[in-house]
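Heads up: the sequence shown begins at 22 in this note's numbering, then just goes up one per residue.
By construction, the Cβ of each residue, glycine as well, lies at the ideal position given by its N, Cα and C atoms.
Here the structure is a predicted model, which means the values were calculated and not measured.
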Amino acid sequence: MDVITGSISTYVFTMLHGRPAFLLLYRAPHLLHADTWQAVHGMIDDGEKAYDAAWRETIEETGLTPERFFKTDYIETFYSEGTDGVHMVPAFAAFVTGAPGVDLSEEHTAYDWCGLDDALSRFVWPSQRAAIRLIAEATAGWPEVGITMSDITGMFVL
């Protein structure tokens with residue numbers, strides 16, 4: 022069994038009435054994990070840093086450019102029988118103002134902005150639920166964030 026790296030997840034969120042609302046993307050029926058609600062998820066290209074891949078995938082999958090971008094202290098881990106490996110996926114968080122419309126990629130057929138409880142009920146995997154719980158907790162004092170998230174917006178040209 023191998024440890025598999027090479028992918029990222031980004032949880033896009035906004036603040037509505039002082040609480041985070043998360044962008045959920047509905048996976049297209051012809052793809053792996055079809056018909057499930059997901060965050061932005063993608064592969065790290067050769068020579069690319071994980072945070073650069075997370076930024077790029079966020080724009081590619083949603084058409085949104087984050088106003089603030091965060092590294093979280095959370096790594097999604099799960100076993101896949103298809104690869105017979107344990108996957109380790111760094112989780113990032115991307116803030117946008119309001120609940121803007123999304124320009125979906127071909128990977129998704131729908132989107133929704135959801136409060137924490139709704140998002141928790143739609144996500145299938147425990148690692149997704151853990152990631153948004155961490156983000157919700159870290160943003161309780163918005164615009165300041167808790168110790169489990171670090172603002173890395175300055176690493177990108179806006």
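Secondary structure note for A157: it is in no beta strand (DSSP E), and the uninterrupted alpha helix (DSSP H) holding it is P147 to A159. Ranking L141, V178, P147 and L137 by CA distance to the CA of T160 puts L137 first. For secondary structure counted as the alpha helix (DSSP H) over 4 or more consecutive residues, the stretch 66 to 104 holds these complete runs in sequence order: 71 to 83. Here the C-alpha atom of T174 lies approximately 33 angstroms from the C-alpha atom of P50. Annotation: L53 is outside any alpha helix (DSSP H) and is labelled neither H nor E by DSSP. V145 is classed as exposed because its beta carbon has fewer than 16 other beta carbons within 10 Å across all chains shown. Counting only residues of its own chain and dropping the five nearest sequence neighbours on each side, V24 has a CB closer than 7 angstroms to the CB of G106, V107 and M109. Contact check for A55 against I29 fails: the beta carbons are separated by 7 angstroms or more. Its chain contains T31, V33, T79, P87 and F90 as the residues whose beta carbon lies nearer than 6 angstroms to that of A115, once the 5 sequence neighbours on both sides are disregarded; these appear in chain order.
About 5 angstroms separates the beta carbons of L46 and Y132, which is inside the 8 angstroms limit, making them a contact pair. Around the C-beta of L44, 16 or more other C-beta atoms lie within 10 Å, and the residue is accordingly described as buried.
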